[in-house]
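First the structure, in the form of structure tokens, and then the observations on it.
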Amino acid sequence: MLDGGLLLIITVVILALAFDYINGFHDTANAIATSISTKALSPRLAIVLAASMNLIGALTFTGVAKTIGKGIADPFELSNGMWIVVAAMLSAIIWNLITWWYAIPSSSSHALIGSLVGAVVASAGFSAVNYSGFVQILYSLILSPIIALLLGFGIMLSMLWIFRNFAPAKMTRNFRIFQIFSAAFQAFMHGTNDAQKAMGVITFALIAGNFHDSTDIPLWVKFAAAIAMALGTASGGWRIIRTVGRGIIKIQPVNGFAADFTSSIVILIATLFKLPVSTTHVISSAIMGVGSAKGFNKVKWDVAGKIVTTWIITLPITAVLSAVVYWVLGLFFF
Numbered sequence: 002m003l004d005g006g007l008l009l010i011i012t013v014v015i016l017a018l019a020f021d022y023i024n025g026f027h028d029t030a031n032a033i034a035t036s037i038s039t040k041a042l043s044p045r046l047a048i049v050l051a052a053s054m055n056l057i058g059a060l061t062f063t064g065v066a067k068t069i070g071k072g073i074a075d076p077f078e079l080s081n082g083m084w085i086v087v088a089a090m091l092s093a094i095i096w097n098l099i100t101w102w103y104a105i106p107s108s109s110s111h112a113l114i115g116s117l118v119g120a121v122v123a124s125a126g127f128s129a130v131n132y133s134g135f136v137q138i139l140y141s142l143i144l145s146p147i148i149a150l151l152l153g154f155g156i157m158l159s160m161l162w163i164f165r166n167f168a169p170a171k172m173t174r175n176f177r178i179f180q181i182f183s184a185a186f187q188a189f190m191h192g193t194n195d196a197q198k199a200m201g202v203i204t205f206a207l208i209a210g211n212f213h214d215s216t217d218i219p220l221w222v223k224f225a226a227a228i229a230m231a232l233g234t235a236s237g238g239w240r241i242i243r244t245v246g247r248g249i250i251k252i253q254p255v256n257g258f259a260a261d262f263t264s265s266i267v268i269l270i271a272t273l274f275k276l277p278v279s280t281t282h283v284i285s286s287a288i289m290g291v292g293s294a295k296g297f298n299k300v301k302w303d304v305a306g307k308i309v310t311t312w313i314i315t316l317p318i319t320a321v322l323s324a325v326v327y328w329v330l331g332l333f334f335f
């Protein structure tokens with residue numbers, strides 16, 4: 002018969018992998034919405050490509066996972082660390098499913114980080130939060146969409162100038178081909194950043210439960226999180242694909258390529274600096290920036306406003322939700 006600690010860590014792993022799976026289909030739109038919208042790839046092929054590249058990307062880096070595993074709180078110092086992760090996972094999953102149902106491309110990263118902070122505070126108070134690490138993560142979450150917006154605007158302007166004498170039909174044909182590669186690169190980068198978050202959370206729980214003694218990510222955790230993300234991606238997220246692919250701007254191959262390229266650069270830089278970013282908001286912001294370069298009236302700012310609003314409210318809502326979940330779990334289990 003399983004003892005309580007082992008049963009609890011199994012529950013944590015299952016919840017973290019469920020979050021990773023939901024993150025996969027919730028964020029499938031990030032990598033493939035533009036290529037599907039422009040018919041550069043069929044939906045089926047786009048999802049297979051995204052799932053494959055997500056898997057490879059998830060196995061390539063671990064820096065973001067270590068940041069999540071120790072940046073928000075010290076798992077070695079928390080007495081109820083595994084329950085903190087259970088509450089955080091439940092909160093993040095609930096929020097992801099709500100926003101997926103309403104087709105809002107919200108941030109799984111914001112949901113996870115807000116939920117972790119809320120559960121830590123509910124368990125051990127505000128003093129248990131590692132504020133230097135949390136502020137660093139917060140800066141990356143806030144600045145990355147702004148950088149993507151400005152960079153997308155600049156890249157699109159440059160491309161419009163460079164290719165100003167090209168025939169539109171030739172541009173469309175060539176950039177449909179380029180989009181296959183940009184979508185693959187973007188899916189790879191999505192895996193290098195987003196799948197790392199579940200790895201970090203599982204490692205956090207393993208340390209808190211005395212099942213692991215360092216912040217190094219175990220090999221089985223890497224594979225489990227990578228496969229869960231890839232399977233989630235393979236299941237598709239059509240509600241959000243429609244919002245990202247058609248709701249913000251009318252995407253053509255040239256601006257689809259520009260948006261993919263922009264967001265991939267921003268995510269790559271964040272991953273190299275071991276910082277978690279919201280791939281959802283980086284890509285949405287890149288699309289807004291690219292659309293603005295062709296004219297501010299080309300962007301559907303009402304849809305963009307809904308995305309930005311969700312970006313702002315996700316952290317506080319999930320923090321409160323996670324604290325409530327932790328309190329309810331405490332009434333029944335510890």
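So the number in our numbering is just where the residue sits in the sequence shown, counting from 1, plus 1. For glycine and all other residues, C-beta sits at the position ideal for the given N, C-alpha and C. Computed from a predicted model, the values in this text were never measured in an experiment.
Pairwise C-alpha distance: ASP261 and TRP96: 26 Å
Quick one: residues in its chain with C-beta nearer than 8 Å to the C-beta of PHE164, no 5 flanking neighbours on either side, listed in chain order? MET172, VAL255
Nearest CA to the CA of ALA196: which residue from LEU16, LEU117, GLY25? GLY25
Mapping DSSP to helix, strand and coil, what is VAL300? coil
How big is the Cα-Cα spacing for PHE127 and VAL49? 43 Å
Within-8 Å CB hit, LEU330 to chain D: Checking the listed chains, one finds no chain D in this structure; it contains a single protein chain.
Is VAL87 helix, strand or coil when you go by DSSP? helix
Mind checking whether ASN81 and PHE334 have CB atoms under 8 Å apart? no
Taking the alpha-carbon of SER36 as reference, which of THR100, ILE178, ALA199 has the nearest alpha-carbon? ILE178
According to the neighbour-count rule (16 or more other Cβ atoms, all chains shown, within 10 Å of its Cβ), is VAL329 buried or exposed? By the neighbour-count rule (16 or more Cβ atoms within 10 Å), VAL329 is not buried but exposed.
Can you tell me whether PRO146 is buried or exposed? The criterion is at least 16 other CB atoms within 10 Å of its CB, across all chains shown. buried
Express the C-alpha separation of LEU8 and LEU269 in angstroms, rounding to a whole number. Near 37 Å, if we compare the C-alpha coordinates of LEU8 and LEU269.
Give every residue of the same chain whose Cβ lies closer than 6 Å to the Cβ of ILE105, excluding the five residues on either side of it in the sequence, and list them in chain order. THR311
When you compare the CB positions of SER92 and LEU322, do they come within less than 8 Å of one another, or not? Yes, they are a contact pair.
Along the alpha helix (DSSP H) that carries ILE178, what are the first and last residues, could you check? 169 to 209 is the extent of the alpha helix (DSSP H) around ILE178.
Just to confirm the assignment, what range does the alpha helix (DSSP H) spanning LEU269 have? 254 to 273
In whole angstroms, give me the CA-to-CA distance for VAL13 and ILE313. 27 Å
Residues in its own chain within less than 7 Å of GLY6 by CB, not counting five upstream and five downstream? GLY210
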